[in-house]
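Student: For the record, the sequence lines run as chains A and B. Take 1 as the starting number for the first sequence in my numbering and just add one per residue. Take 1001 as the starting number for the second sequence in my numbering and just add one per residue.
There are 2 protein chains.
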Amino acid sequence: MKSFAFAVGVLAMPAILHAQAPAGLAEQADTALEADRMAWDFVEGITTEVGPRMPGTEAEARGRKWAMAWLEANGFANVANEPYMMQTWLRREEEAEIVSPFPQPMAITALGNSASTGPEGITAQVVGLPSYAALQALPDGALEGKIAFITHDMRVTQDGSGYSFAGPARWTGPAVAASKGAIATVIRSIGTDNHRTPHTGGTNFPEGTRPIPAGALSNPDADNLERMLERAEQVRMKLVLTPQVVGETESGNVVAEITGRDVSLPPVLLACHLDSWDLGTGAIDDGAGCGIIAAAAKNVAATGQPLRTIRLLFAGAEEVGVFGGAAYARAHGDEPVAVAIESDFGADRIWRIDTNFAESNEGLHNRLAEAVARFGVAPSTAVATGGADIGIARDQGTAIIDLQQDGTRYFDLHHTPDDTLDKVDPAQLRQNVAVWTQVVGILANEAGSIKPAE
Amino acid sequence: MKSFAFAVGVLAMPAILHAQAPAGLAEQADTALEADRMAWDFVEGITTEVGPRMPGTEAEARGRKWAMAWLEANGFANVANEPYMMQTWLRREEEAEIVSPFPQPMAITALGNSASTGPEGITAQVVGLPSYAALQALPDGALEGKIAFITHDMRVTQDGSGYSFAGPARWTGPAVAASKGAIATVIRSIGTDNHRTPHTGGTNFPEGTRPIPAGALSNPDADNLERMLERAEQVRMKLVLTPQVVGETESGNVVAEITGRDVSLPPVLLACHLDSWDLGTGAIDDGAGCGIIAAAAKNVAATGQPLRTIRLLFAGAEEVGVFGGAAYARAHGDEPVAVAIESDFGADRIWRIDTNFAESNEGLHNRLAEAVARFGVAPSTAVATGGADIGIARDQGTAIIDLQQDGTRYFDLHHTPDDTLDKVDPAQLRQNVAVWTQVVGILANEAGSIKPAE
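Okay, structure coming up:
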């Protein structure tokens, strides 16, 4: 009878049986909101016991080893290091000073992929450019022999869109300045704080362009340089930036799983990145993200073995060119992913849920939105595009969810020495874990395609 | 008749005639609150055109030259440089790293008067001490061969009293640690922020004690080191601090005056300091103070020539041992001062007025308190003791007023690279100028003794 009843049940409502989240999921998520310690344990541990984890370095390797031991200690299955080789750029000396007419030092940091000035440095006139557009509008040769100063400022936005607006000054500003003759570029930090801690980050010299020394001034220093340019006909700066490309070194991704009941089903992929810039200790970028996804996976497992495998990707070398995410896509591109979600925007509260299947799977989209509403998370009509390390999901055209975190404070700290544990608010971190627990628990127990072909 | 009437007036109410503040004073102060630009002009100018002004250096000398030109351009009389010689200590390399068991760099800065580790640095075990009292309680020899880590924390207080509570860890902690065998000392920054910008400041090795290398970690680094000490039996740190005493160099005070109608009367002395620590640009400590006192003096002069001379002292070399204030007291000790006031606590609003003559001259005390009440300044029963650079007034036992500024934010910035112009709130700066204008205007037109002998 039991067996018959079961069979009838399966036949009568297979979707419901498979689709149903485990009975205790909501309670587990509610408990996480009040009491989760696991995400904090990860971010506290890795920032204290490892610290900065610059891509391609021994410190990043120590981070992988530490994370693998932590994942194993917390009962994850199939914990593995997946190494790959990469070109590694390292920061060395970095100094800037105004030599005339108002001599004083300035706080600077090199941008990733910056060329070197050589140890003797370079001294040249500074040309101020109020925006990236003003730089682009310059005629060829306009910056010949000069240091370009792009002082495009950035304002606080909750959704991080200010980064997209100001970011080009860093991403491609130095290459554009080089193409117009500049011998170096300094930018106003792509950041929203007023501290003397400049924001690093990668810049890109496309194939065929000439790399030049490129650094970011802190916002107070950029303010000061702007004032100097208003007061003097000519301002001259000395710049010493001696970063090096040290050649090919090993980096790696760490993967781990909560094995599902049906391993033939494509897994739910949760991603973060384990590397960090060298200036801080990688707490909000992105120790917190790895802690959040691991804690959520464990919370889901605590409500019973999920239908689908939950796969964690702690990517390597995100900061300097998404080398880890690319290696993962190469290695696993032919393994279908059911849905991918990434946590890589700090540790502040999630305020919005976006998916890319609102039309193709409206029922699931609405179910997810309803399930997280009690945590203050609003639905949206924006289409999720996913984080940097889940390119595999974009390649496969599969389901993606963005659990949007509040970015109001994020760019005060992003890529600075101030990315440290004390910036993580434990209560907001727990809200992240609660929302992720709820969402991952539903997805990992969803039998049907999450983003059906339309 | 005119002459007779005047004589009658003098005879009938001499105190009132002389004691009366000029008719336009209140209006002048009110206007300052809305529109004063002069204090801002000073602090913007000196931070932009000079920058850091480390005592005894060429940069401090440029600061004096700049300030003298500014004072002359603004119509002050008797602008003068009063040079003196001093022993000059300069910061050089500064690096700290944990070498085991959790290798990572830490943000450190040398304390003024720190000894050098030599360029090769020193490596030793760290001993954590939760407070200055815990350090004092250690038996002799307890720190033999160790690096003492004093992690006495500091909380925000409006009146700055947190500095008195935590300060000894910096002022004398290294000397006490040395007396117990420590080969170096690192302290938690004496500051209330959570940025990776450690707070420098002077430490003192009394005659007969052995100077050792001494630095401050930023608060996030001190947090991290505390966590490490909780997790590991032994934590080892490498410290490279190579400051130098470069020998005797010239420093100086800048003085300037608004000449009074009766130069036989002792002047009103207004003080600030022109030097700054090398890490920031000396905006809140103490460019703002010099701007405030100069603007107030000019505002008073704008209401008519004051009875008493108003004398400005822009002291040199306050930060490293009040050399300027001491030189001023030596040079001018036999010239009586009527009353002294110093501005050296940032640029945030004045919230309280203290005098040291509430008992001996209750009428004037109350008149001052009533005159500034409209700017939100409360009277108090605290007895004013004056700032560092007006030792001359303490030596003379003369009148002192403290216009207490709000210190809530001050120790976030104090002695860090973050002491820059953007931290000055123009509205609060103007409130300072308004209150000083009102107070100085009354004092400079007061004929009688401000603090009569009791």
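We put the CB at the ideal spot given by N, CA and C, even for glycine.
In three-state DSSP terms, what is Ile284/A?
Tutor: Helix at Ile284/A.
Student: Excluding the five sequence neighbours on either side, which residues of its own chain have a C-beta within less than 6 Å of the C-beta of Gln1104/B, listed in chain order?
Tutor: Cβ neighbours of Gln1104/B beyond the five flanking positions: Ile1098.
Student: Name the one or two DSSP bridge partners that His1273/B has.
Tutor: Note: His1273/B sits in a beta bridge opposite Ala1315/B.
Student: Tell whether a beta-carbon distance below 9 Å holds between Thr1057/B and Leu1421/B.
Tutor: Contact flag unset, no.
Student: What is the rounded straight-line gap between the Cα of Ala115/A and the Cα of Val245/A?
Tutor: Roughly 9 Å between the two C-alpha positions.
Student: Taking only the alpha-carbon atoms, compute the straight-line gap between Ala1371/B and Gln1020/B and give it to the nearest angstrom.
Tutor: So the alpha carbons of these two residues sit roughly 12 Å apart.
Student: Which chain B residues are close to Phe102/A, counting only those with a beta carbon under 8 Å from its beta carbon?
Tutor: Going along chain B in sequence order, the residues near Phe102/A (Cβ under 8 Å) are Thr1048, Glu1049, Val1050, Gly1051.
Student: Tell me which residues share the same chain as Glu1072/B and place their Cβ nearer than 7 Å to its Cβ, disregarding the 5 neighbours each side in the sequence.
Tutor: Val1079, listed in sequence order.
Student: Can you tell me which of the three DSSP states Ala15/A falls into?
Tutor: Because Ala15/A carries a pLDDT of 43, less than 50, the predicted location of this residue cannot be relied on, and the following value inherits that uncertainty. Three-state result, Ala15/A: helix.
Student: Taking CB distances under 9 Å as the criterion, tell me whether Lys1423/B reaches chain A.
Tutor: Judged by the 9 Å Cβ criterion, Lys1423/B is in contact with chain A.
Student: DSSP beta-bridge partners for Ile1258/B?
Tutor: In the DSSP output, where bridge partners are listed per residue, Ile1258/B has Ile1310/B.
Student: Please report the Cβ distance between Met1085/B and Glu1319/B, rounded to the nearest whole angstrom; I am assuming they are in contact, meaning their Cβ atoms lie under 8 Å.
Tutor: No, Met1085/B and Glu1319/B are not in contact; Cβ-Cβ is about 17 Å, not under 8 Å.
Student: In the region 1207–1229 of chain B, which residues sit with their C-beta less than 9 Å from some C-beta in chain A, listed in chain order?
Tutor: Correct list: Ser1218, Asn1219, Pro1220, Asp1221, Asp1223, Asn1224, Arg1227, Met1228.
Student: DSSP state of Gln1460/B, grouped into three classes?
Tutor: Look at the range of chain B in this structure, 1001 to 1454, and you will see that residue 1460/B is not part of it.
Student: When you compare the CB of Asn1074/B with every CB in chain A, is at least one pair closer than 9 Å?
Tutor: Not one chain A Cβ lies under 9 Å of Asn1074/B.
Student: Could you give the DSSP three-state label for Asp1406/B: helix, strand or coil?
Tutor: If DSSP states are grouped into helix, strand and coil, Asp1406/B belongs with coil.
Student: Quick check: is the beta carbon of Met44/A nearer than 9 Å to any beta carbon in chain B?
Tutor: Here residue 44/A is Glu; the residue named in the question, Met, does not match the sequence. By this cut-off, Glu44/A is an interface position.
Student: Let me see if you follow: with CB-CB separation under 9 Å, is Gly56/A close to chain B or not?
Tutor: Output row for Gly56/A: interface = no.
Student: Shorter than 9 Å from the beta carbon of Gly1346/B to some beta carbon of chain A?
Tutor: For Gly1346/B, the answer is no, since every Cβ of chain A falls outside 9 Å of its Cβ.
Student: Since I believe Phe1314/B is in contact with Ala1067/B (beta carbons under 8 Å), could you give me their beta-carbon distance rounded to a whole number of angstroms?
Tutor: The pair is a contact, with the Cβ atoms about 6 Å apart (cut-off 8 Å).
Student: What residues in its chain sit with their C-beta under 6 Å from that of His1415/B, if we drop five residues either side in the sequence?
Tutor: Cβ neighbours of His1415/B beyond the five flanking positions: His1199, Thr1200, Gly1201, Trp1277.
Student: Can you give me the Cβ contacts of Asn1445/B inside the same chain, cut-off strictly under 6 Å, excluding the 5 residues immediately before and after it?
Tutor: The residues are Ala1021, Pro1306, Leu1307.
Student: For Asn1299/B, decide whether its Cβ has a neighbour in chain C, counting only Cβ atoms nearer than 9 Å.
Tutor: Structure shown: chain C not included; protein chains present are A and B.
Student: Say whether chain A places a C-beta atom closer than 9 Å to the C-beta of Pro1306/B.
Tutor: With 9 Å as the cut-off, Pro1306/B does not count as an interface residue toward chain A.
Student: Measure the Cβ-Cβ separation of Met1237/B and Pro1101/B and say whether it is below 9 Å.
Tutor: Cβ distance not < 9 Å, so Met1237/B and Pro1101/B don't count as in contact.
Student: Let's test the definition: count the other Cβ atoms within 10 Å of the Cβ of Gln438/A and tell me whether it reaches 16, buried, or not, exposed.
Tutor: By the neighbour-count rule (16 or more Cβ atoms within 10 Å), Gln438/A is buried.
Student: Sorted by chain position, which residues of the same chain lie with C-beta nearer than 6 Å to Val50/A's C-beta, five sequence neighbours on each side aside?
Tutor: Same-chain partners within the cutoff: Arg62, Gly63, Trp66.
Student: What does the Cβ neighbour count give for Gln234/A, buried or exposed, with the cut at 16 atoms within 10 Å?
Tutor: Classification for Gln234/A: exposed.
Student: Counting contacts by CB-CB distance shorter than 9 Å, is Thr197/A in contact with chain B?
Tutor: It does: the Cβ of Thr197/A has a partner Cβ on chain B nearer than 9 Å.
Student: Output yes if chain A places a C-beta closer than 9 Å to the C-beta of Gly1201/B; else output no.
Tutor: It does not: the Cβ of Gly1201/B has no partner Cβ on chain A nearer than 9 Å.
Student: With a Cβ-Cβ cutoff of 9 Å, do Ala1347/B and Ile1292/B count as a contact?
Tutor: Yes; because the gap between Cβ atoms is below 9 Å, this pair is in contact.
Student: Cβ atoms of Gly316/A and Leu274/A: under 9 Å apart, would you say?
Tutor: Result yes, Cβ atoms of Leu274/A and Gly316/A sit closer than 9 Å.
Student: Helix, strand or coil for Ser1364/B, going by three-state DSSP, please let me know.
Tutor: What sits at residue 1364/B in the sequence shown is Leu, not Ser. Leu1364/B: helix per DSSP, three-state reduction.
Student: Apart from the five residues on each side of it in sequence, which residues of its chain come closer than 6 Å, Cβ to Cβ, to Asn356/A?
Tutor: If we look at Asn356/A and ignore the five residues flanking it on each side, its Cβ neighbours are Val383, Ala384, Ile400.
Student: In chain order, what residues of the same chain have a beta carbon less than 6 Å from the beta carbon of Gly1448/B, not counting five sequence neighbours either side?
Tutor: Within the same chain, Gly1448/B has no close Cβ partners at all.
Student: Provide the residue(s) that pair with Ala148/A in DSSP beta bridges, ordered along the chain.
Tutor: Partner(s): Val127/A, Thr185/A.
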